[in-house]
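What follows is one structure encoded as structure tokens, with my remarks underneath.
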Amino acid sequence: MLYLPGNNPNMLLRGHLFGPDGLVIDLEDAVSASEKDAARVLTREALRRGGFGRCEVTVRINGLDTGFWRDDVAAAVSCGVSGIRAPKVESPRTVLDLDEEISEAEEKYGVTRGSTKIFCLLESARGVWRAYDIATASPRVTAILPGGEDLAADLRAGRSKEGTELEWIRRMLIVAARAAGVDALDTVFPRVADDDGLRRETAFVKQLGFDGKSVIHPNQIPVIHEIYAPTEKEIETARRIVEAASAAAARGLGAVSLDGRMIDAPVIRGAEYTLARAGLSAEKV
Amino acid sequence: MEANAIKTARAGTLESMDCLVAVADSDAGRVIEISGASAVRFKSSMEKTINDTLDALGAGERLRISVRDNGALGVVLGARVETAYKRYAGLAE
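Line by line, the protein sequences are chains A and B.
Residue numbers for the first sequence follow our numbering, so the first one is 5 and each next one is one higher.
Residue numbers for the second sequence follow our numbering, so the first one is 5 and each next one is one higher.
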């Protein structure tokens, strides 16, 4: 998911050409206080124009402790965006307030009720500590994400090259996300010229179970896709698991063995997920 | 001698694919001035975008709109005109 500054026409209208899976149009940190109005109008008009290809489009609004967020929500929801990224979420109350505002906007602009998802950025120790409560505060919540710079600062740790200060937090958010039934998406890797560092960090968060990673520069997209794309061997194994499971189900068997390994429901779900990441449907295997 | 202050407001930038729009008072009806990358080729369509945007906002005629273009698409021009006019008129976005 590629962050695009909400007041930059060049990036806003061309960002999708770099092939990200999703776009995050940023009205918060990438826009100065004096340009919030201009960014909101430009973002609204760009969203109405559309043309973002296959990208899922979300908008990062300003924090609920600012005077901007209600107008941000109205602009985004009126254009039918997939989701709202809420910064600095620290409590379920924040999610409920946002949910209520989104509901009003959906009603006002004729958008299907409940269709606008919420992505919660947890950028403080308080927010991380309450991750599960936040993730379950509304059915709109579809993902939780750790903060980067803000979170490191709140921990009084600073941001290291290795990401040591975020390691435990990432592990915790995976558990909270899975328990709540939402996605876990990782924060950005800020050193845009350090491909090796990006590769290491992406491999690490993928292994933890993160469903994706945010990026701040188009050059980072191919590196992340490369790491997240299943290998040929993984795809072949997944294909055989799904086929074996289908054959077992056809014979009325609940479980089956493949290459000496028990194939049960979690293994099948994992295989289906691998095929989905490879752009293959389990039904077509 | 006392000079009358001319009310004016701006929006946009001169970055690539953007434009800088200024809205000010006018004693000569609605005046539109366009300069820059697309000034000659797309003048009439740009004027239409500007007029349509201002009309949709209920703006009057006594306005001077100056646009310095650097390759802005219509959607960007409209957004910049809207912001500049709202700033000029003191309308909250």
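Virtual Cβ for every residue (Gly too), placed ideally from N, Cα, C.
Checklist entry - Can you tell me the Cα-Cα spacing of F46(B) and A147(A), whole angstroms? => result One-based indexing of the second sequence puts residue 46(B) at position 42. One-based indexing of the first sequence puts residue 147(A) at position 143. Between F46(B) and A147(A), the C-alpha separation is close to 44 Å.
Item to check | Pick from P150(A), V35(A), R195(A), V260(A) that is closest to G216(A), judged by C-alpha positions | outcome: Within the first sequence, residue 216(A) is the residue found at index 212, counting from 1. That would be P150(A), whose Cα lies nearest to the Cα of G216(A).
Item to check | Beta carbon of R53(A) nearer than 8 Å to that of V79(B) | outcome: Your numbering for residue 53(A) matches position 49 in the first sequence. Your numbering for residue 79(B) matches position 75 in the second sequence. Contact: yes.
Checklist entry - Between L77(B) and chain A, is there a C-beta pair that is closer than 8 Å? => result As a position in the second sequence, residue 77(B) is number 73, starting the count at 1. Yes - at least one Cβ of chain A is within 8 Å of the one on L77(B).
Next on the checklist: Taking only three categories from DSSP, how would you classify I267(A)?
Outcome noted: Your numbering for residue 267(A) matches position 263 in the first sequence. Note: I267(A) maps to strand in three-state DSSP.
Item to check | Contact set between M21(B) and chain A, taken where Cβ atoms lie within less than 7 Å | outcome: Counting from one through the second sequence, the residue named residue 21(B) turns up at place 17. The contacting residues are P13, N14, L17.
Checklist entry - Excluding five sequence neighbours on each side, which residues of the same chain lie with their C-beta closer than 6 Å to the C-beta of A252(A)? => result Reading the first sequence from its first residue, position 248 is the one you call residue 252(A). Once the five neighbours on either side are set aside, the close Cβ partners of A252(A) are V260.
Checklist entry - CB-CB under 6 Å to V85(B), same chain, minus the five flanking residues each way: which ones, in chain order? => result On the second sequence, position 81 is the one that residue 85(B) refers to. Closer than 6 Å at Cβ, skipping near neighbours: V25, I54, T57.
Checklist entry - By Cβ distance below 7 Å, which residues in the same chain neighbour G185(A) in space, the five residues on each side in sequence not counted? => result What you label residue 185(A) is simply residue 181 of the first sequence in a count that begins at 1. Nothing meets the Cβ criterion.
Checklist entry - Cα separation between G152(A) and R163(A)? => result Position 148 of the first sequence, counted from the start, is the residue given in the question as residue 152(A). Position 159 of the first sequence, counted from the start, is the residue given in the question as residue 163(A). Roughly 8 Å between the two C-alpha positions.
Next on the checklist: Does the region 187 to 197 of chain A come into contact with the region 214 to 228 of chain A, if we say contact requires no fewer than three beta-carbon pairs (one atom in each stretch) closer than 8 Å?
Outcome noted: yes
Checklist entry - Listed in chain order, which residues of the region 27 to 57 of chain A have Cβ atoms closer than 7 Å to some Cβ of chain B? => result D41, A42, R44, V45, L46, E49, A50, R53
Item to check | Limits of the alpha helix (DSSP H) - the one that L81(B) falls within | outcome: Residue 81(B) sits at position 77 when you count from the first residue of the second sequence. Unbroken alpha helix (DSSP H) run through L81(B): 78 to 93.
Next on the checklist: With three or more beta-carbon pairs closer than 8 Å as the criterion, would you say the region 67 to 77 of chain B touches the region 21 to 40 of chain B?
Outcome noted: yes
Checklist entry - Of all the options G75(B), A43(B), S39(B), A88(B), which has the alpha carbon lying nearest to the alpha carbon of A42(A)? => result Position 38 of the first sequence holds residue 42(A). With distances taken between Cα atoms, A42(A) lies closest to A88(B).
Checklist entry - In its own chain, which residues sit with a C-beta less than 6 Å from the C-beta of G213(A), not counting the 5 before and 5 after it? => result Within the first sequence, numbered from 1, the residue matching residue 213(A) stands at position 209. For G213(A), where only same-chain residues beyond five positions count, the Cβ hits under 6 Å are I178.
Checklist entry - Do you know how far the Cα of A139(A) is from the Cα of K40(A)? => result Locating residue 40(A) in the first sequence gives position 36, counting from the first residue. Locating residue 139(A) in the first sequence gives position 135, counting from the first residue. Going from the Cα of K40(A) to the Cα of A139(A) covers about 28 Å.
Next on the checklist: I'd like the list of long-range same chain contacts for A181(A), defined as Cβ closer than 7 Å, with 5 residues on each side in sequence excluded.
Outcome noted: Position 177 of the first sequence holds residue 181(A). The residues are A139, I148, D187, A188.
Next on the checklist: Looking at chain A, is there any beta carbon in it that lies within less than 8 Å of the beta carbon of T87(B)?
Outcome noted: By one-based count along the second sequence, residue 87(B) stands at place 83. Judged by the 8 Å Cβ criterion, T87(B) is in contact with chain A.
Checklist entry - Going along chain A in order, which residues have a C-beta closer than 9 Å to the C-beta of V80(B)? => result In the second sequence, counting from the first residue as 1, residue 80(B) sits at position 76. Here the neighbours are P13, L16, L17, L46, E49, A50.
Item to check | Proximal residues of chain A, C-beta to C-beta of A83(B) below 9 Å | outcome: Numbered from its first residue, the second sequence carries residue 83(B) at position 79. Chain A residues near A83(B): P13, A42, V45, L46, T47, R48, E49, A50.
Next on the checklist: For Q211(A), count the other beta carbons within 10 Å of its own beta carbon; 16 or more makes it buried, fewer makes it exposed. Which is it?
Outcome noted: Here residue 211(A) refers to the residue found at position 207 of the first sequence. Q211(A) should be labelled exposed.
Item to check | Start-to-end residues for the alpha helix (DSSP H) that takes in T57(B) | outcome: Your numbering for residue 57(B) matches position 53 in the second sequence. Segment 47 to 60, the alpha helix (DSSP H) holding T57(B).
Checklist entry - Name the chain A residues whose beta carbon is nearer than 9 Å to that of A41(B)? => result Mapped onto the second sequence, residue 41(B) falls at position 37. Those within 9 Å of A41(B) in chain A number zero; the least Cβ separation is about 13 Å.
Checklist entry - Quick one: does A93(B) have its CB under 8 Å from some CB of chain A? => result Position 89 of the second sequence, counted from the first residue, corresponds to residue 93(B). So, not an interface residue.
Item to check | Proximal chain A residues relative to K90(B), where beta-carbon distance stays under 9 Å | outcome: On the second sequence, residue 90(B) is found 86 positions in, with the first residue counted as 1. Correct list: D41, V45.
Checklist entry - In terms of DSSP beta bridges, what is G40(B) paired with? => result As a position in the second sequence, residue 40(B) is number 36, starting the count at 1. In DSSP, G40(B) forms a bridge with D73(B).
Next on the checklist: Restricting to Cα atoms, I'd like to know which of Y277(A), V132(A), I245(A) is closest to G264(A).
Outcome noted: Taking the first residue of the first sequence as 1, we reach residue 264(A) at position 260. When only C-alpha atoms are compared, the closest one is I245(A).
Checklist entry - The beta strand (DSSP E) with P9(A) in it runs from where to where? => result What you label residue 9(A) is simply residue 5 of the first sequence in a count that begins at 1. Per DSSP, P9(A) belongs to the beta strand (DSSP E) from 6 to 9.
Item to check | R91(B) to I29(A) span [Cα, whole Å] | outcome: In the second sequence, residue 91(B) corresponds to position 87, counting from 1. In the first sequence, residue 29(A) corresponds to position 25, counting from 1. Rounded to the nearest angstrom, the two C-alpha atoms are 23 Å apart.
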